[in-house]
Structures are given as structure tokens and as C-alpha cells.
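2 protein chains.
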Amino acid sequence: MEILTGSVGIVETKYFSFEEKIRLENGLDFGPVTVAYETYGNLNENKDNAILVLHALSGDAHAAGYHSPEDKKPGWWDGIIGPGKALDTDKYFVICPNFLGGCKGSTGPSSINPGTGRPYGMDFPIITVEDMVRVQKKLIDYLGIKKLLNVVGGSLGGMQAMAWAILFPDALGSCTVIAAPTRLSAQNIAFNEVGRNAIISDLAWNNGDYYGKDLPARGLALARMVAHITYLSEESMHKKFGRRLQDKTKIDFNFDVNFQVESYLRYQGQSFVDRFDANSYLFITKAMDYFDLHQKYGSLAHAFKDSKCKFLFLSFSTDWLFPPGELKEAARTLMSLGKEVTYCNIEAPFGHDSFLLEFEHQPSIIKNFLKGISKES
Amino acid sequence: MEILTGSVGIVETKYFSFEEKIRLENGLDFGPVTVAYETYGNLNENKDNAILVLHALSGDAHAAGYHSPEDKKPGWWDGIIGPGKALDTDKYFVICPNFLGGCKGSTGPSSINPGTGRPYGMDFPIITVEDMVRVQKKLIDYLGIKKLLNVVGGSLGGMQAMAWAILFPDALGSCTVIAAPTRLSAQNIAFNEVGRNAIISDLAWNNGDYYGKDLPARGLALARMVAHITYLSEESMHKKFGRRLQDKTKIDFNFDVNFQVESYLRYQGQSFVDRFDANSYLFITKAMDYFDLHQKYGSLAHAFKDSKCKFLFLSFSTDWLFPPGELKEAARTLMSLGKEVTYCNIEAPFGHDSFLLEFEHQPSIIKNFLKGISKES
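Protein sequences appear in the order of chains A and B. In the working numbering, each residue's number is its place in the first sequence (first place is 1) plus 71. In the working numbering, each residue's number is its place in the second sequence (first place is 1) plus 71.
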């Protein structure tokens, strides 16, 4: 196995803003909008080596490298992006924006509403995955890129990638969809609804008006805890924790943390509170729930009928949040439309989080797919 | 298929109390204890036709029949218990007690602590599944029954049934374990931990001291919502709700209930608050987390080595909370010890809740197993 270890080094987040309002799917005109984004590698003269990376629910624009030499962890997809890696920054110009509605620099519920001078909170408009993509298109236009070599994302990032192929068929040469659904299932919606209820049940949430006051930390931590269970497989939880006790040799009959898995979950919940905005969580999970390419376009086939790019669909064997079967089915539908689709189900034990953790097969599959694309272009 | 429809009619809950303290597994002596229980059918002269039915996390002693002619719903296992049914009350004397730590008449956290004259709350002792079973044994002794014909339960009820076979090998002729684990998995513990955190994060919980005040209703409803998702299969949620909208024809871009599954979950959470005590939820889920026949006895084989009864193990194909593989493995272990074990995995779409909902195969399997047992005795 080829080991891909190059780093993009120290990077910084950039900001792009536009004043004109965009028409959202809910019918409202919304603006101004700021997009936080990072880029790695260099845009070539023809501006035809750009790859757009789209992040998942709790991600951000910081996909690779470090913000400072003191950083302990690199960006969230550093295993994939860098010189010599799958998204090879010696060849490609990689762009990763924070999505609309987020809380990592792009306009979202915690941003200042110019109409009131205060954070939007619940006055932020309900947005869709497609709205996120329309904002990303503005960034790509601003960067002077007519056609992206590739759009790629995992989970909610993969949902955005599909929306790109549908909304802007001329603006991308290929589309890599990883561990994503073509619509959220009843079970997916149910888990999201529990998370949202955890937040709005927290008295500190205060109808979304909590900025500068007590944060709805308990609710957001709970939402993260329950979601986090869905990101792991039963198998990976078993291997990682089993029934091992936390800092003790036998159960001690109290309500403190007994098992390692309890400690881990509490930590996940708590640390999420320090880095994520509860209102963003509400708006983004709602955008996910609304995602339904079947219903919106009449059928999946109809949704993709005008798409022109090549597709790579990757799923993971132990992903029970967005099970492999759905992307396989989608691949079949696209093939029946005469589209070029490569589908691969990767055996990996990490559950849904495999798109962030699987570096044995995923990188080389992505790399080889891109090789095929760039040869042609 | 034989249709089993007899009803035990109007029944009432009885109470048995004992003053002497019992030694709990945590080392404390605890008492007095009251046990709420119901019985259906008649105990024969030899007192050898008694079946003990054990309920799950949110169950109670009211397993069959109606408390009054106005009741809209019968007891929780009315499909199984009654004249001519699987647990045939024309033949058997069926006993169903509410377990220790519960909130349906048996001593639990909401009971009055005789030492203080106030509800126990968090002064209630941490209990185990085995402690519940020791209390049930007192009831069986009180009823003058030396040997139960059968002990049967689903989910946590099945865990108790296994503990009966291990703790009191001479006191039962057979043991029916349905949709139960031999130990909780890391994922099981994780879901329970989220539920407990939802409760203790609710400010109204007030360290368990909320009786006669505001109840931790939001926390308990959340705990129930997340647990309820684990009781259903993805397939059953898809069939039951899919992405159908609640009382509307298209998504309306707000945070009200949009999808039927959201409405259903909120209803499940809310109605649970009206019938269950939050502290009981804490103590009972903790007892479940501590359940581990492998660790406690060194191995599963060692746990059951002195058991003398016949076993029926039933699992359900779509149960992802307590997946079928575990009972199958346990059946194999018991067989290798020379025990008589029948194992059956029932194809059913309802997930873990199948033990409450599957009436096509489950009743006849239980009925035939009991027929074999009673012929011999």
C-alpha cells in the first residue's frame, strides 16, 4: 500500500462576501452572505484543476493542514488532501468552503443580522442543501472557475455534491459522493428530531436568543451524544470500548461514569459545545431532513437526467446511518440513464465515520478516479 | 393459523409486602419491599402449573385483561396470555410482578422511604437484574409455589428469566428468553447513557428530588424518544412513516412538526411522561447496563452450569437493539453444556418491539414449547 503523507502545512481561512441577495428555496431573498473557505495547492492558468470539497454536519472550511504550528490536529480531511495524497495539492487546487447556515465563518444563525444589528438566531431563514450549493457557486464564480474538475464530499458533503451535479451540470467534470443518502430515511429524521428536541428543550436555548448569555450547552451536548452513536458501528464501539470500565476495576454501583463508552460520549457532547452553535445544529439538520432527490424531482432518474459529469459513489459496509444499499441503487439508476458511474462499497469497520477514518482503500480509489478524469480533461 | 383470542377479562393488581430486608448485590440490606403483581388463571392443587411473566423496561404488572370495562387497551401481553392463548389461562396460573425499582406499584425510587417519610429519589439503592429476581422469588415463595412451570420474558424480562435459571435452578422447569442479550453492548450502554443524561440535564430533575414539584418531563420525554427509535427497525419506520408529512401536503420551511415520524416520536415521549417515573428510568437502565452474565460468572458457560431447566430462546430478525446472533451464540453454549435448548429466530419486521407485536409465529412457538414441558411434569 502506498502511504500518502504529505502536508499542506500552515494555512489560513479566507472570506468571500457578496451583497446581492440570493433567492432561497423557501421563496425568501437573503443576503448579504459571507463564505469562509480555505484553499490548498494552486489554480493553474486554465483554471481547470479545481476540486471543491464539501464538509459534513459538524465540519468546517479547515479541511487540511494547520492554522498554526501549535495546532495538535490538522484539518478534518488531512488524510485525503495534501501533496501526493488522494486530492494531490501538487496537481489540484482544492477549495473547501463552510456552508451557509454553519457557524465556522460563513453566514449562519449566529451571524449578525444587518437588519437588527443582533445575531439572526431563529430569524435565520430555513435553508436547504440546494441553497448551500447556490452559495458555493457564487464562490466558484468569484474564483473565476468555470468548471470544477471534481466536487467531492462525505455525508452531508456528499448530498451537496449530488446537488451540484443536478443544479449546475455544466460546472463540474466529476462528482464524488461518499457515505451519503439520496433522501433521509424516517429513522434519520427521527434521530435528527431527537437532537433538535434536546436543544429546544434546554431552557437556556431561549427560542434561539442565547448569544452573549448562557448557551444551551446541555441540549447541544445531548444532541451530539445521540448523533455520535449513529456515526459509529456497533462493531467499532465494541472494539473501541466493549464493556471496559473507566478508571476502575469493578462496577461501583453509582451514577458516575462507569463504562469507558459513557466517558467517551460525555466528552464528545461536551467538546462539541465548545465548537458548535446550537441554532446552526437546528438549521442544518432541518436542511438534511428536507433533502429528498426522489420527491423533489419526481424521481431519482429525473433528478439526474441533465447531469453531465462522471460519478464516483462510495459507501461503507458498516454505515448504518446511510446504508450502502441506497448509493448502490442510485448508481444503478444513473447507469440506466447512460451516465458513467463507478460504485464501490468499501469494507470498513468504522460505521458512518469511515469517510473520515478509512485510509486503506478510500484514498487510492479517489486518487485513481481523479487520474482518469484529469487525463481526459 | 390458529387465532388465539380469549381474554382474561377484568383483573386487578394485587400487592405483596415483606418487612425483612434483603441483601442487595451492592452489599446493602434493603427493605421493606412491596411487589405489585397480577395473576391470571388458577393455581392447581399441586401448585405446579404456574408461569412467571417478567416485563421489560417500561412495562408493569398489568400483562393481560382490563382493569375496568372502560379501558381502551388490555395489558401489554394480552396477545399471549388468556384462555386458549399461548400462555393458556385455562391450564396455567400466570403471574406478572412489577419489578423492584419500578414505578407501577412495586417499591422503587418514587416509593416512600420509611426512614425519612419522603420518596427515596436518589437515595434508592442501585439495584441489579439479579436483585429484581431475588424479590420475585419472595413472591413465588409467598404464593406457595416450589417450582415454576416456566419463567418467561422479553427484553429486560428475558434478562430476568435468565437470571432465574442461574440463581434458582431448582425453582423453574423451563425458561423462555425473548429478544434479550446476555450482556449489554457498548452501543446499548451508549443509548442508555444518552437517556440518563437527558433526564439529569433537565433542571427540573433537581437531583431526583422532584416529587410533588415540576417533573423532569422534557428530559424523560427525550430519553423515551431516543430509546423508542432503537425499539423499531429501519424497515418498520419506513413502512409506518416513510417521509410522509404530518397534516400538510408540502414542506413548509419551519421548525414545527413536518414529518409524521416527528409527530409520532413527540407523542411517544410526551405520553411516557404521564406514565413513568424519571428516577425509575435511571435506576432500571443502570441495572440493565450492569447485566453481564459473561463477566459476572467468568463465562456464559459457567453462568449456566448449574441450571436444570429447559430453555426456549427466541430472537427477531430485525431486532438491532439486541441482535439475534447473541441468543444464537448463547443457545450454542448451553447445548455444549448438555442443556436442552430450543433456539428460534423469527422473521419479523418490527425490530426489538417484535416481542410485543409479533403474533404470527411467536404464540404457537411458546405454546408448543409449554406443551412439551407440561406433558413431562
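Idealized CB from N, CA, C, for every residue including glycine.
- Taking the Cα positions, Asp194 (chain B) is about 11 Å away from Asn325 (chain A).
- Sequence-ordered contacts of the segment 312–327 of chain B with chain A read Phe312, Gly313, Arg314, Ile322, Phe324, Asn325, Phe326 [C-beta pairs closer than 8 Å].
- Within the segment 267–281 of chain B, those residues whose Cβ lies closer than 8 Å to any Cβ of chain A are, in chain order, Arg267, Asn268, Ala269, Ile271, Ser272, Asp273, Leu274.
- Under the 8 Å Cβ criterion, the segment 396–413 of chain B does not count as touching the segment 273–282 of chain B, having fewer than three qualifying pairs.
- Pro168 (chain A) counts as buried, since no fewer than 16 other beta carbons sit within 10 angstroms of its beta carbon.
- Of A:Glu411, A:Ser182, A:Gly422, A:Ser425, the smallest CA-CA separation from Gly279 (chain A) is found for A:Ser182.
- Excluding sequence positions up to five before and after Leu123 (chain A), its CB lies within less than 6 Å of the CB of Ile166, Leu219, Val222, all in the same chain and listed in chain order.
- Within the same chain, Cβ atoms closer than 7 Å to the Cβ of Asn97 (chain B) are found at Pro196, Ile197, the five residues on either side in sequence being excluded.
- The C-beta of Gln258 (chain A) comes closer than 8 Å to at least one C-beta of chain B.
- Val79 (chain B) is not a Cβ neighbour of Ala132 (chain B), given a cutoff of 8 Å.
- Shown here for Ala419 (chain A): same chain residues with a beta carbon closer than 7 Å to its own, the five before and five after excluded, namely Phe387, Ser388, Thr389, Ser425, Glu429 in chain order.
- The contact set of Gln366 (chain B) on chain A, defined by CB atoms closer than 8 Å, consists of Arg314 in chain order.
- For Val206 (chain B), the uninterrupted alpha helix (DSSP H) segment begins and ends at 200–213.
- Listed along the chain, the chain B residues whose CB falls inside 8 Å of the CB of Met308 (chain A) are Ser256, Ala257, Gln258, Ala261.
- If the five residues before and after Met406 (chain B) are omitted, its C-beta is found closer than 7 Å to the C-beta atoms of Val412, all from its own chain and listed in chain order.
- Of the residues assessed, Pro252 (chain A) falls on the buried side of the cut-off, its CB having 16 or more other CB atoms within 10 angstroms.
- Using a CB distance below 7 Å, the part of the segment 90–102 of chain B facing chain A consists of Asn97, ordered along the chain.
- Annotation note: the segment 232–257 of chain B contains the following uninterrupted beta strand (DSSP E) runs of length 3 or greater, listed N- to C-terminal: 245–249.
- Straight through space, the alpha carbons of Lys321 (chain B) and Glu83 (chain A) are spaced by roughly 42 Å.
- For the set B:Gln366, B:Phe362, B:Pro190, the Cα lying nearest the Cα of Gly283 (chain B) is the one of B:Pro190.
- The shortest C-alpha to C-alpha distance from Asp241 (chain A) to any of A:Lys217, A:Asn259, A:Leu128 is the one to A:Lys217.
- In terms of CA proximity to Glu141 (chain B), B:Ile81 leads the group B:Val248, B:Leu114, B:Ile81.
- The C-beta distance from Ala358 (chain A) to Val200 (chain A) rounds to 5 Å, short enough to meet the 8 Å contact threshold.
- Within chain A, no C-beta atom comes less than 7 Å from the C-beta of Lys399 (chain B); the nearest is roughly 16 Å away.
- For Leu303 (chain B) and Gly225 (chain B), the gap between their C-alpha atoms comes out near 15 Å.
- Neighbours of Met296 (chain B) in chain A, taken as residues whose beta carbon is under 7 Å from its own, are Val265, Asn268 in chain order.
- Your pair Asp360 (chain A) and Ile237 (chain A) does not check out as a contact, with CB atoms roughly 18 Å apart and the cut at 8 Å.
- Not one beta carbon of chain A lies nearer than 8 Å to the beta carbon of Glu116 (chain B).
- Taking the Cβ atoms as the reference, Leu427 (chain A) lies roughly 20 Å from Val344 (chain A), outside the contact range of under 8 Å.
- A straight-line Cα-Cα distance of about 7 Å links Phe101 (chain A) and Leu95 (chain A).
- Think of a sphere of 9 Å around the beta carbon of Tyr352 (chain A): no beta carbon from chain B falls inside it, the nearest being about 12 Å out.
- Of A:Lys410, A:Lys143, A:Leu214, the smallest CA-CA separation from Lys85 (chain A) is found for A:Leu214.
- Distance from the CA of Phe87 (chain A) to the CA of Ser139 (chain A), rounded to the nearest whole angstrom, comes to 22 Å.
- Cα atoms of Ala121 (chain B) and Tyr163 (chain B): separation of roughly 6 Å, rounded to the nearest angstrom.
- Using a Cβ distance threshold of 8 Å, Thr160 (chain B) and Val104 (chain B) do not count as a contacting pair.
- The CB of Asp363 (chain B) comes closer than 8 Å to the CB of Arg314 in chain A, given here in chain order.
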